[in-house]
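Residues 1 to 245 in the working numbering are what the sequence shown spells out, letter by letter.
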Amino acid sequence: MKLQHYLGGLEGLPEPLTLEKRVFVEEWEKRIFGIHVAMMGLSNHLGAALPAYPIDEVPTAFKDEWTWADLRTGAEAMNPFDYFKFRYYEKWLGGITQFFIDKGYVTEEELAQRMTELAPDAEADVVPAIDDQVIAYLRLGDSPRRDVAHPKFAVGAEVRITNVPADAHSRLPGYLRGRVGTVERVFEGDYGYFTHTGDGIGDPMPIYIVEFDPAEIWGPRAEGGPLKLYAELFEAYLAPIEEES
1 MKLQHYLGGL EGLPEPLTLE KRVFVEEWEK RIFGIHVAMM GLSNHLGAAL
51 PAYPIDEVPT AFKDEWTWAD LRTGAEAMNP FDYFKFRYYE KWLGGITQFF
101 IDKGYVTEEE LAQRMTELAP DAEADVVPAI DDQVIAYLRL GDSPRRDVAH
151 PKFAVGAEVR ITNVPADAHS RLPGYLRGRV GTVERVFEGD YGYFTHTGDG
201 IGDPMPIYIV EFDPAEIWGP RAEGGPLKLY AELFEAYLAP IEEES
């Protein structure tokens, strides 16, 4: 992932951040969360999800795929300075808005006009609506699990984290690239990521919890004590140590 998403191990950062502990700071943030959930509940990817949805038969004007990967990709595409400037749901709003513009659901001119209509002193005519399919999604969820696990690595195996080429979106923390760790757990299934990122993930594969010694990651600057770091990683990001010979 890009700089703004994984700061672990970087030196010269400002003093510790003051983190917002409220889930929603403003009322509109609840609405953008609801829009995101509705988009996921109507997404084309649900045709392959478990439990299965007859998504092709759902009467909706939304005809695209929207998953957590799409939301994350939008946030990661932001200029790092903008990323640190905006709050959590402001990043969501920007990514979702750009998605609807890019896909042709709305134009920038239409958005500007709507913003004028919904100015603080204007009467809003927003009518809330919840699609039956969205309700089904909220009740049943979906799952990236596609099969039982078929792992290449067993618990206790020593592995090196790959240094795959950077892509627009990744689930590999940058500070783990090239580091050596030990498989602590193998999850029960093979899991897809819905979106093919270009750095090896997308198709169903095992997921592992890998244990790292902080000294392996940060060297002599690592804090002392009985500390360990754990990361959940797709199998595409793991390589056997013996391959190095």
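Note that the Cβ used here is the ideal one computed from N, Cα and C, for glycine as well.
Please report the residue range of the alpha helix (DSSP H) in which residue i lies.
| i | result |
| --- | --- |
| leucine 93 | 88 to 102 |
| glutamate 29 | 27 to 41 |
| alanine 154 | Element bounds for alanine 154: n/a, residue is neither H nor E. |
| leucine 46 | Element bounds for leucine 46: n/a, residue is neither H nor E. |
| arginine 22 | Note, arginine 22: premise wrong, no alpha helix (DSSP H); not H, not E. |
| threonine 116 | 108 to 117 |
Whole angstroms is fine: what's the gap from residue i's alpha carbon to residue j's?
| i | j | result |
| --- | --- | --- |
| tryptophan 92 | glutamate 242 | 42 angstroms |
| glutamate 216 | glutamate 29 | 40 angstroms |
| arginine 146 | phenylalanine 194 | 11 angstroms |
| glycine 156 | tyrosine 208 | 11 angstroms |
| aspartate 203 | glycine 192 | 5 angstroms |
| methionine 1 | arginine 160 | Its pLDDT being 46, under 50, methionine 1 is placed unreliably in this model, and the coordinates cannot settle the point. |
| isoleucine 35 | threonine 60 | 14 angstroms |
| leucine 238 | valine 148 | 19 angstroms |
| glycine 141 | alanine 77 | 27 angstroms |
| arginine 22 | leucine 118 | 26 angstroms |
| alanine 222 | phenylalanine 212 | 12 angstroms |
| lysine 201 | threonine 67 | Rather than lysine, the amino acid found at residue 201 in this sequence is isoleucine. The straight-line gap from Cα to Cα measures roughly 15 angstroms. |
| proline 151 | glycine 74 | 31 angstroms |
DSSP beta-bridge partners for residue i?
| i | result |
| --- | --- |
| alanine 231 | Val210 |
| arginine 185 | Ile209 |
For residue i, does the three-state DSSP call read helix, strand or coil?
| i | result |
| --- | --- |
| glycine 219 | helix |
| aspartate 190 | strand |
| leucine 71 | helix |
| alanine 136 | helix |
| leucine 238 | strand |
| isoleucine 161 | strand |
| isoleucine 55 | helix |
| glutamate 76 | helix |
| serine 245 | With a pLDDT of 46 at serine 245, under the threshold of 50, the modelled position of that residue is not reliable, and no figure is offered here. |
Would you mind giving the Cβ-Cβ distance between residue i and residue j, rounded to the nearest angstrom? I have them listed as a contact below 8 angstroms.
| i | j | result |
| --- | --- | --- |
| proline 240 | aspartate 199 | Not confirmed; about 19 angstroms, so no contact. |
| tyrosine 230 | glutamate 184 | 6 angstroms |
| glycine 174 | valine 210 | Actually they do not touch by this definition, with Cβ atoms about 15 angstroms apart. |
| valine 106 | phenylalanine 100 | 5 angstroms |
| phenylalanine 234 | arginine 171 | 6 angstroms |
| glycine 47 | valine 134 | Not quite, the Cβ-Cβ distance comes to about 16 angstroms (not below 8 angstroms), so this is no contact. |
Counting along the chain, where does the beta strand (DSSP E) carrying residue i start and finish?
| i | result |
| --- | --- |
| proline 204 | Counting along the chain, proline 204 falls outside any beta strand (DSSP E), and DSSP gives it neither H nor E. |
| aspartate 82 | Premise fails: aspartate 82 lies in the alpha helix (DSSP H), 80 to 85, not in any beta strand (DSSP E). |
| arginine 177 | No beta strand (DSSP E) contains arginine 177, which DSSP labels as neither H nor E. |
| arginine 146 | 145 to 148 |
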